[in-house]
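Participant: The numbering of the sequence shown is the working numbering, which starts it at 1031 and goes up by one.
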Amino acid sequence: MAFSLNSYPITYRAKYTKTGWNEEYIEKPHKTPQEEAALGAAEADALTASRNFYPDMPLVNYTSQYGLGCFEGLKALPQKDGGLAIFRPGENAARFYRSMEGLLMPPFPEDAFVRACVETVKRNAELGFRLQYKSEWERDSFMTADSVYIRPFTCAEGGIGVNVSREPWVIVINNPVSAYFSGGNADAVVTDRIRATPRGTGWIKANSNYVISTLAKQEALKEGFMECVFLDATDRKYVEEGSSCNIFFYLRSGELVTPELGDTILPGITRSSIIELARDRNVRVSERKIAIDEVLSDAGECFVSGTAAGATPIESLTYGGKKTVFNNGKVGDLTADIRDTLKGIQYGTLPDTKGWMTRVV
Ligand SMILES: *Cc1c(COP(=O)(O)O)cnc(C)c1O
């Protein structure tokens, strides 16, 4: 299981009050990592539950009732030299700030966000909860590599009347993860569902956006696909995103296309990093509208991008019952190059020439 909830003991919480953000680090129940690894299933489950238990959280609040909340996802990666480093936390801090503003909450300061991410990873590492780099990950381009997923999120104050959150909490947890799209096929399907509408919240990393994408992804999985792809709400013809990732098409003309940002597309940090990497290679990159018909006739390669997904190749896309296979079902050269370069920078096997990595230890 790639995303099971087995969070590390140290978490962070900041509560907003009229005087500002009151911060604390919380040490949840734990044993040593070795002792925890030796626990039976029932004991391990109980420990996991105790880590996820916050008795002073208001159960009835604007997030639990009305979905008014947002979150982030970023990773701390074990480095080849033995350290740990976080990929572009300042970008997530800036997006979190915009998301909170978009939901009319008092935004969380960007420097506090980065500090909380670094500090939780560091404090967990000091307790022994950390991952070690394994050279065997290099054999499959880090497809099976582990990382610490950092999940900052908001929780609203208690309330039942429909309202925005004026005194939110920001919580940061660390959760070790393995590969996201593990094994299986790499087939995607165009869903009929609509993820985001103009003037809606599609550009915000909002909890509520995940309702539709979770349903659509579940339907895709049930039909035997790995991923679903959304079209725009208005014309029902332009490709927008995967279920929780951005999407790229490498056309046979040599143009790399990803849908242009707007209020229905989530501005992915992996997306913008890939655009830079591709431009460094003198690939012509366009952020523009791309119709599903153009994709099906002209794309030679396709991949989705996100913190969890990295750059994950899509082998085929099914639309209206017709399956189109990219690059004869093989991972394309540009896709592989981008994926490997990104992973190399993230895990420290390639030099961090862009200053993307924030060192923790
Ligand atoms: C988080 C997310 C992405 C990917 O963003 P990254 O910053 O690359 O992780 C893409 N689409 C949606 C809808 C998302 O929620």
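Glycine residues also receive a C-beta, built at the ideal position from the N, C-alpha and C atoms.
Here the structure is a predicted model, which means the values were calculated and not measured.
Using a 10 Å radius around the Cβ and a threshold of 16 neighbouring Cβ atoms, would you call Q1248 buried or exposed?
Facilitator: The residue you call residue 1248 lines up with position 218 of the sequence shown. Flag for Q1248 reads exposed.
Participant: Using three-state DSSP, classify W1051 as helix, strand or coil.
Facilitator: On the sequence shown, position 21 is the one that residue 1051 refers to. W1051 falls in the strand class under three-state DSSP.
Participant: What is the DSSP secondary structure of N1357, reduced to helix, strand or coil?
Facilitator: Here residue 1357 refers to the residue found at position 327 of the sequence shown. Helix.
Participant: Indicate, with yes or no, if ligand 1 has a heavy atom lying under 7 angstroms from the CB of T1294.
Facilitator: Numbered from its first residue, the sequence shown carries residue 1294 at position 264. Checking every heavy atom of ligand 1 against the Cβ of T1294, none is found closer than 7 angstroms.
Participant: What separation, rounded to the nearest whole angstrom, lies between the Cα atoms of K1373 and G1191?
Facilitator: The residue labelled residue 1373 in the question sits at position 343 within the sequence shown. The residue labelled residue 1191 in the question sits at position 161 within the sequence shown. Cα to Cα, K1373 sits roughly 46 angstroms from G1191.
Participant: Going by beta carbon distance, what residues of the same chain come within less than 7 angstroms of M1031, once the five residues before and after it are set aside?
Facilitator: For this step, residue 1031 is matched to residue 1 along the sequence shown. Caution is warranted here: a pLDDT of 37 is assigned to M1031, below 50, making its placement in the model unreliable, and the coordinate value is therefore given only provisionally. For M1031, where only same-chain residues beyond five positions count, there are no Cβ hits under 7 angstroms.
Participant: Mark P1289 as exposed unless 16 or more other C-beta atoms lie within 10 angstroms of its C-beta, in which case mark it buried.
Facilitator: The residue given as residue 1289 occupies position 259 in the sequence shown. Buried, because 16 or more other Cβ atoms sit within 10 Å of the Cβ of P1289.
Participant: Please work out which residues of its chain come closer than 6 angstroms, Cβ to Cβ, to V1315, disregarding the five sequence neighbours upstream and downstream, and give them in chain order.
Facilitator: Within the sequence shown, residue 1315 is the residue found at index 285, counting from 1. If we look at V1315 and ignore the five residues flanking it on each side, its Cβ neighbours are L1286, I1305, A1308, R1309.
Participant: Measure the CB-CB distance between E1270 and F1260 and report whether it falls below 8 angstroms.
Facilitator: Working through the sequence shown from its first residue, we reach residue 1270 at position 240. Working through the sequence shown from its first residue, we reach residue 1260 at position 230. Contact: yes.
Participant: Could you tell me which of Y1042, S1034, V1361, E1121 sits nearest to G1330, measuring between CA atoms?
Facilitator: Locating residue 1330 in the sequence shown gives position 300, where the first residue counts as 1. The residue with the shortest Cα to Cα distance from G1330 is V1361.
Participant: From the DSSP secondary-structure annotation, give me the bridge partner or partners of M1387.
Facilitator: Numbered from 1 along the sequence shown, position 357 holds the residue referred to as residue 1387. Beta-bridge pairing links M1387 to F1117.
Participant: Taking the straight line between their C-alpha atoms, what separation do you get for P1136 and P1088?
Facilitator: As a position in the sequence shown, residue 1136 is number 106, starting the count at 1. As a position in the sequence shown, residue 1088 is number 58, starting the count at 1. Near 19 angstroms, if we compare the C-alpha coordinates of P1088 and P1136.
Participant: My output table needs one value for N1091: the three-state DSSP class, helix, strand or coil.
Facilitator: Here residue 1091 refers to the residue found at position 61 of the sequence shown. Residue state, collapsed to three classes: strand.
Participant: Under the criterion of a Cβ to heavy atom distance below 7 angstroms, does C1275 qualify as lining ligand 1?
Facilitator: Along the sequence shown, one-based indexing puts residue 1275 at 245. Checking the Cβ of C1275 against ligand 1 gives yes.
Participant: K1319 by DSSP, collapsed to three states: which one?
Facilitator: Looking up residue 1319 in the sequence shown gives position 289. In this structure, K1319 counts as coil in the three-state DSSP scheme.
Participant: Cβ-heavy atom distance between E1271 and ligand 1 below 7 angstroms?
Facilitator: Start at 1 with the first residue of the sequence shown, and residue 1271 comes out as number 241. E1271 Cβ: within cutoff of ligand 1.
Participant: For Y1042, is the classification buried or exposed, using 16 other Cβ atoms within 10 angstroms of its Cβ as the cut-off for buried?
Facilitator: Numbered from 1 along the sequence shown, position 12 holds the residue referred to as residue 1042. The residue is buried, with at least 16 neighbouring Cβ atoms inside 10 Å.
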